Each structure stands twice: as structure tokens, then as C-alpha cells.
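These protein sequence lines are chains A and B, in that order.
Anchor point for the first sequence: position 135 equals 128 in the numbering used here, and the numbering is continuous, going up by one each time.
Start counting at 1 in the second sequence, then tack on 559, and there's your number in the numbering used here.
Reviewing the structure listed below.
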Amino acid sequence: MKRTPLTWFRGGGLSNLLFLAPMIIVFAVFSWSPIIRSFVMSFQKTNLITTQWVGLDNFENVLSDPLLGTAIVNTLYFAVLALIFGFPVPLLLAVLMSEVKRGKGLYSALAYLPVVIPPVVAVLLWKFFYDAGPNGVFNTMLGWVGIPPQPWLQSATSAMPSLVIEATWAAAGGSIIIYLAALLSVPPELYDAAEVDGASVWRKVWHVTLPQLRGVLFIMLILQVIATAQVFLEPFLFTGGGPNNATVTVLMLIYRYAFQNSLGGNYGEATALSVMLAIVLAVLSFVYFKVTERWSSN
Amino acid sequence: MSTKRADAEPDVDRGVLSSYDRRRGSVRAGMSLVHVLLLGGLVIAGLGPILWLAKAAVTSTADTITQPIALWPNGIDWANLAQAWFEVHIDQYFLNTVLLALGSWLFSLFIATTAGYGLSVLRPKYAGILNAAVLATLFVPSVVLLVPLYLTIVHPPVGHSLLNNYLAVWLPAATNAFNILLVKRFFDNLPREVFEAARTDGAGPFRLFWSIVLPMSRPILGVVSVFAIIASLKDYLWPMLVLPDPAVQPLGVRLPAIQSQVELDVFLAALAISTVIPIVLFLAFQRVFLRSAGLGGAVKG
């Protein structure tokens, strides 16, 4: 049959398009074209009125910024601390919670509560808790067990761990719920079999539970690294990057390039740095996608 | 060991501990201890900061500063809440927050359901390419969008600048590939026979969408709603950039800015007011929240 506009219309072509058009338009304007534009802009210098191609200048400028090294080290430091604090704690809590027979819903709800608090509110509240004076909330608590007041956000050495503690508190609930769901899918026969072999409670956790969770653990690891590599809110609101640049992160640097100067940002350098960060993260996302695809097809 | 296990009743939804384990004295004592520690820890860490904030919202500044961890304030200062609501104009920012969340929710639902329906049920020839193009955006971290999307808002392809216009928040919020993917996967699993039957009865694509597919999809619509509303309430950087006028800013953007201008007790009252919407939503729709979280609450840009 010949394809004409009429057969297209009769075959439902128009209504198909009507359903897909909103998504196509919104994605074209607010997702696809900005993504492409970001790669183009990283080779340009623009003040929104005139635009000129500058080759790799933006990349060179960014890479020679003395603050970039600091920002990368800080971001990695945040990511590593977030793994040390944020990985084992939710896992341990989830394993313990899954053994609770009654009131599981209450436990999950309590654990998830910090996740629903808007991050800005959480950060501003914790900023008050972190007060460095002897009457600060956390310092008062430390005083109960005889520990002297800590400087928390005020010192370059303790600022980053303080941010990570708050970030872990804010995010742990989400991880706990995901681990709880994963724990339900561990086949009970495996525990039965381990018991026939005389395994103790700890050996069952170590040799059955954890290996069965390795898929979800790996996914959470990658997702956490992708999220922490783009950390912005905590350093921006807690410390503004201080003290002494100890909490400047890569995303804060991008923000500073683009938006700190009210006369017009250095958009080229900001996009050049975003593109470099994105390439690193895209590799991680790709690994994540491939791995989840393999697991879900099994 | 095996003989002891033989008399244990079959335990299908067991975890690490078997019913035999649970009868052992040491495990019992251990589990009781775990119970107490777990519940105590979760109450302190999960509920503690919120209760503290609720108390601080009705406590005078001097009281909060000198005795931050007192369980009960020396005299309740209700005026903080009224002052925050009326004088600091939290009422206005509260309304802005609600409007931003409602709009993001409606646009996200609209785009996710129409796109999911088009890609999963109608499936025109170009659906495969579109699907790939949507999926591809999942690999692009949100940081890439920041500057070019901001410039798109300042100079949109048609019309004037969208700065201080809520569309600048609503429309980008709707370009969420993860929501579309969720809805599409859900539609993929709906029984095709029902669609065929409806088509035989003469239902067109709009009728099929509105009267058959959407009513069958309540669970996934709930999940997408939670994602969209929570994402909107949590957002900070994007609304701060595209809504520079304080009169249209939501609470989340305003709070850091007003901190230096108001007294501590009023500020803490404002923080407390800001937690009301998400906490009420969470308590009302707890099961949807926890199901969404299990689905991948951690999946973001």
C-alpha cells in the first residue's frame, strides 16, 4: 500500500504524535539541546551577545586553575568519607531491622524520616547543632561524656567530616529501605542449607546475606559515587567552601565560574569543567547500566 | 543439629535467624538488646532533630542558646510562629513552595504518562529512537545541564526570558527520564488483551488512555507523584538560579537568605514550618513513599 498523509492519519499517526509531542518538545528544549549546547559552549567564549570559538582555551584555563586540584581532592575526600560513614551504617541497620518481627513499619518510617526533610532545612538545622561554642548542641552532648568542645565547621580539618556526617544522616534512610527490599529476596533455603552445615549467626550473615546482596551493594556504590561527585548543597550552605577552601568542591567551582560574578559569568570555563566531570561520571553510569541490565536479565 | 531443626516449623519468610535460633537464650537476649538499641537509635536520629526543631520553634532565643538540649522550654513562646508566618512572610514563601511543587507534579505526571503511553502502547515507528534518546539523558549527569539550561531560560527559543517564571522550574522538572522509564515499564506489563478488547469496542487512543490505561496505573502514578513532589520540595540550586526575585522564591531558597535578618527563635520557627508539608505528606502516604524509595529513591542525575 502506498504511504500517503491520509494513510498515516487513518493509521493513527496524528494521535500518536499528539501523545508524544509534549515529551518531544519539552525534552528538545530543556534536555537534548542544552546537553548538546554544553559541549559546544565548552569550546566557546560568550557574553551572551557575542560568541567566539576559542578551541581548547577553556579547558586549559580550568586545568591551570590552582583551585581545581583542591576542589578535586576535596570532592574525592567527601566521596571517600561518605563511603566510610554512609556505606556500612545503613547496611548494618538494614540487616538488624530485617530481623525485627513486629513493628517493621515503624522502624522503616523512623529511618526514612530524615530523608523527607528538605535538605536546606536539614543543613541549616545542623549548622546550629554544629555551633562551636561550649553550649552548642553537639558540644553539650560531647560534654556529657567528658569530650572537650569541637570546632566542627570552623576548622579546616573537621569541616569536611562534619558535612559528611550530616549528609549521611540525611541519606541513610533511602539506602536502608533499598537494602531491606533486597534482603527480602535472599532465598530462605540458603540459610537453611547453611544451618545444616552448622553455620553460626555471624557466619550466615557473612557467607549468605552479604554475598546475596553484592548486586545491590555494587549499584548503591556507583550511585553514591555519582551523587557525591556532584555535591554542592552541603559545602555551599554549611561553609561556603571554607574554612581556607577546605570544602570547595568541583560543582562549587562550576557554580563560581558561571554565577558568582553578577556582571556575567564565565560560561565557557564552567561548561568545560562540567563536561570533564560528566565524562568521568558517564563512564560510571554506563558501568551501572550494563551491570543492572545483566542482573535484571538473569 | 539436623534433628533439632526437623521439629522446627517451616519458616518461609525467615531471615538470617531461624525459629530455632530465636528460641536460644543467647540469641534472644541479643535480639532484645538489638531491639532496644535500634529503636532508641532510630528515635534519636530520625525523630530527635524534628522534635528538637518543634521545641525550638516555640522557645525563646535566650532559652535555646543557653540550654540547647533542655527537654522542655521555660515558657512557651507561640509568638515565634506568628512572627515567622506574618512578619518574615513565610506565608508567601509557603504558598510559592506549594505552587512550585503542584506545577512540577502536574507537568511531570502529564509528560510521563503521555510519553509512556506513546512509547509503550501506541508505539509508532520512531518510538525506538525516541526511547533511546530519552534513556540517553539518564547517563548525562545534571551538572552538565546547569549552565546551558540556565542560558535557555534566560533566552528561550520563543518569547521572553523565563527568569522568575515558574515554567522555568516546572518544565525542566518534567524532563525526567527516570519517571518516563518507570511509567513505560509499567505500561509494558499491562495485559494487551484488555487494550485489544477496548479497541474492538471502538475506543480510540484517547479513550483507551484516559479510561483504561490510566485507571489501571494508580500504583505507578503514586510513585511518580512522590518522586516529583519530593524532588520539587528538595530542590535548591535550580530555583535559586532561575527565581532571583525573592517574592517568587520557595521556602528552601529563602531560608538561607533570611537567616541573617531575623532572630534565631523566629528563624527556627520558620525552619519548623518548612518541614510541615513534607512530613504531613510522608505520614499520609507512607506506603507509597517507602515503595518509591525501594524502587530506587537513590536514582538521581
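Glycine included, C-beta positions come from ideal geometry on N, C-alpha and C.
Everything numeric in this text was worked out from a predicted model, so none of it was measured.
Closest to residue i by CA distance: which of the options is it?
{"i": "alanine 115(A)", "options": "Phe848(B), Lys793(B), Gly853(B)", "result": "Lys793(B)"}
{"i": "leucine 538(B)", "options": "Val198(A), Arg207(A), Pro141(A), Thr240(A)", "result": "Outside the shown range of chain B, which is 560 to 860, sits residue 538(B), and nothing can be said about it."}
{"i": "glutamine 217(A)", "options": "Leu69(A), Asn132(A), Tyr100(A), Lys94(A)", "result": "Leu69(A)"}
{"i": "asparagine 292(A)", "options": "Gln626(B), Phe737(B), Ser663(B), Ser720(B)", "result": "Residue 292(A) lies beyond the range of chain A shown here (-6 to 291); nothing can be said about it."}
{"i": "isoleucine 836(B)", "options": "Pro764(B), Ser791(B), Ile779(B)", "result": "Ser791(B)"}
{"i": "leucine 13(A)", "options": "Ala674(B), Arg582(B), Thr623(B), Ile609(B)", "result": "Ala674(B)"}
{"i": "leucine 74(A)", "options": "Leu277(A), Ala160(A), Tyr100(A), Lys94(A)", "result": "Ala160(A)"}
{"i": "alanine 732(B)", "options": "Thr759(B), Arg850(B), Leu640(B), Ala671(B)", "result": "Ala671(B)"}
{"i": "methionine 799(B)", "options": "Gly634(B), Thr656(B), Asp760(B), Trp611(B)", "result": "Thr656(B)"}
{"i": "glutamine 808(B)", "options": "Trp637(B), Ile649(B), Leu665(B)", "result": "Ile649(B)"}
{"i": "proline 111(A)", "options": "Val812(B), Asn633(B), Leu661(B)", "result": "Val812(B)"}
{"i": "glutamine 223(A)", "options": "Ala186(A), Ala275(A), Val280(A), Gly5(A)", "result": "Ala275(A)"}
{"i": "arginine 573(B)", "options": "Glu188(A), Thr221(A), Leu85(A)", "result": "Glu188(A)"}
{"i": "tyrosine 105(A)", "options": "Gly605(B), Leu854(B), Gly781(B), Leu780(B)", "result": "Gly605(B)"}
{"i": "leucine 730(B)", "options": "Leu661(B), Thr623(B), Leu678(B), Gln818(B)", "result": "Leu661(B)"}
{"i": "isoleucine 42(A)", "options": "Val713(B), Val680(B), Phe666(B), Val586(B)", "result": "Val713(B)"}
{"i": "leucine 854(B)", "options": "Leu694(B), Gly781(B), Ser578(B), Pro764(B)", "result": "Gly781(B)"}
{"i": "leucine 86(A)", "options": "Phe841(B), His594(B), Val680(B)", "result": "His594(B)"}
{"i": "isoleucine 832(B)", "options": "Asp622(B), Gln651(B), Asp760(B)", "result": "Gln651(B)"}
{"i": "alanine 251(A)", "options": "Leu796(B), Leu810(B), Leu827(B), Glu822(B)", "result": "Leu796(B)"}
{"i": "phenylalanine 841(B)", "options": "Val821(B), Leu810(B), Phe786(B)", "result": "Phe786(B)"}
By the 10 Å Cβ neighbour count, where 16 or more other Cβ atoms means buried, how is residue i classified, buried or exposed?
{"i": "serine 784(B)", "result": "buried"}
{"i": "lysine 614(B)", "result": "buried"}
{"i": "arginine 30(A)", "result": "buried"}
{"i": "methionine 153(A)", "result": "buried"}
{"i": "leucine 295(A)", "result": "Residue numbering for chain A in the displayed model covers -6 to 291; residue 295(A) lies beyond these limits and cannot be assessed."}
{"i": "aspartate 824(B)", "result": "buried"}
{"i": "serine 591(B)", "result": "exposed"}
{"i": "methionine 134(A)", "result": "exposed"}
{"i": "isoleucine 789(B)", "result": "buried"}
{"i": "serine 101(A)", "result": "buried"}
{"i": "asparagine 108(A)", "result": "Reading the sequence as shown, one finds valine at residue 108(A) and not asparagine. Burial call: buried."}
{"i": "valine 130(A)", "result": "buried"}
{"i": "aspartate 190(A)", "result": "exposed"}
{"i": "methionine 16(A)", "result": "buried"}
{"i": "leucine 849(B)", "result": "buried"}
{"i": "glycine 687(B)", "result": "exposed"}
{"i": "leucine 610(B)", "result": "exposed"}
{"i": "aspartate 636(B)", "result": "buried"}
Roughly how many angstroms lie between the CA atoms of residue i and residue j, to the nearest whole one?
{"i": "glycine 600(B)", "j": "valine 82(A)", "result": "12 Å"}
{"i": "phenylalanine 292(A)", "j": "serine 267(A)", "result": "Lying outside -6 to 291, the shown extent of chain A, residue 292(A) is not represented and no answer is given."}
{"i": "alanine 762(B)", "j": "isoleucine 28(A)", "result": "39 Å"}
{"i": "glycine 584(B)", "j": "glycine 136(A)", "result": "37 Å"}
{"i": "glutamine 866(B)", "j": "alanine 829(B)", "result": "Summary: the structure shown does not reach residue 866(B), with chain B confined to residues 560 through 860, and so no result is reported for it."}
{"i": "alanine 588(B)", "j": "alanine 692(B)", "result": "56 Å"}
{"i": "leucine 10(A)", "j": "isoleucine 169(A)", "result": "42 Å"}
{"i": "valine 47(A)", "j": "glutamine 37(A)", "result": "5 Å"}
{"i": "arginine 3(A)", "j": "arginine 249(A)", "result": "54 Å"}
{"i": "arginine 287(A)", "j": "threonine 620(B)", "result": "56 Å"}
{"i": "proline 815(B)", "j": "asparagine 723(B)", "result": "18 Å"}
{"i": "leucine 597(B)", "j": "leucine 89(A)", "result": "8 Å"}
{"i": "aspartate 736(B)", "j": "lysine 684(B)", "result": "Checking the sequence shown, residue 736(B) turns out to be alanine, not aspartate. Straight-line Cα distance between these residues: approximately 20 Å."}
{"i": "alanine 174(A)", "j": "asparagine 748(B)", "result": "21 Å"}
{"i": "proline 142(A)", "j": "asparagine 132(A)", "result": "5 Å"}
{"i": "valine 602(B)", "j": "leucine 668(B)", "result": "35 Å"}
{"i": "asparagine 237(A)", "j": "leucine 697(B)", "result": "35 Å"}
{"i": "tyrosine 172(A)", "j": "methionine 213(A)", "result": "9 Å"}
{"i": "tyrosine 281(A)", "j": "alanine 616(B)", "result": "43 Å"}
{"i": "arginine 196(A)", "j": "arginine 582(B)", "result": "19 Å"}
{"i": "glycine 235(A)", "j": "serine 151(A)", "result": "11 Å"}
{"i": "isoleucine 247(A)", "j": "threonine 264(A)", "result": "8 Å"}
{"i": "serine 24(A)", "j": "leucine 665(B)", "result": "18 Å"}
{"i": "isoleucine 77(A)", "j": "phenylalanine 71(A)", "result": "10 Å"}
Per DSSP, residue i forms a beta bridge with which residues?
{"i": "tryptophan 46(A)", "result": "Gln37(A)"}
What does residue i reach in chain C if we use C-beta pairs closer than 8 Å?
{"i": "serine 8(A)", "result": "Note that chain C does not occur in the displayed structure, where the protein chains are A and B."}
Heavy atom of the ligand GTP less than 7 Å from the Cβ of residue i, yes or no?
{"i": "methionine 213(A)", "result": "As presented, the structure is devoid of all ligands, the ligand GTP included, so that no description of it is given."}
contact_flag[the segment 106 to 126 of chain A, the segment 225 to 232 of chain A] where n(CB pairs < 8 Å) is 3 or more: Counting Cβ pairs under 8 Å, three or more are found: they touch.
Contact between the segment 48 to 66 of chain A and the segment 241 to 253 of chain A: three or more CB pairs below 8 Å? yes
Can at least three beta-carbon pairs, one atom from the segment 245 to 261 of chain A and one from the segment 701 to 712 of chain B, be found at a separation below 8 Å? Segments in contact, yes.
Below 8 Å, can you find three or more Cβ-Cβ pairs linking the segment 839 to 852 of chain B to the segment 140 to 147 of chain A? no
Cβ contact (3+ pairs, closer than 8 Å) linking the segment 742 to 752 of chain B and the segment 33 to 43 of chain A: These segments do not touch.
Counting Cβ pairs closer than 8 Å, one from the segment 46 to 57 of chain A and one from the segment 762 to 772 of chain B, do we hit at least three? no
Under 8 Å: do the segment 638 to 653 of chain B and the segment 750 to 758 of chain B share three or more Cβ pairs, one atom per stretch? No, the segment 638 to 653 of chain B is not in contact with the segment 750 to 758 of chain B.
Touching or not, the segment 690 to 704 of chain B and the segment 264 to 278 of chain A, by the rule of three or more beta carbon pairs under 8 Å? Contact between the segment 690 to 704 of chain B and the segment 264 to 278 of chain A is present, with at least three C-beta pairs closer than 8 Å.
State whether the segment 199 to 208 of chain A contacts the segment 169 to 182 of chain A, with contact taken as three or more CB pairs (one from each stretch) at a distance under 8 Å. Judged by Cβ distances under 8 Å, the segment 199 to 208 of chain A makes contact with the segment 169 to 182 of chain A, as three or more pairs qualify.
Is the segment 795 to 812 of chain B close to the segment 629 to 636 of chain B, with three or more CB pairs under 8 Å? no
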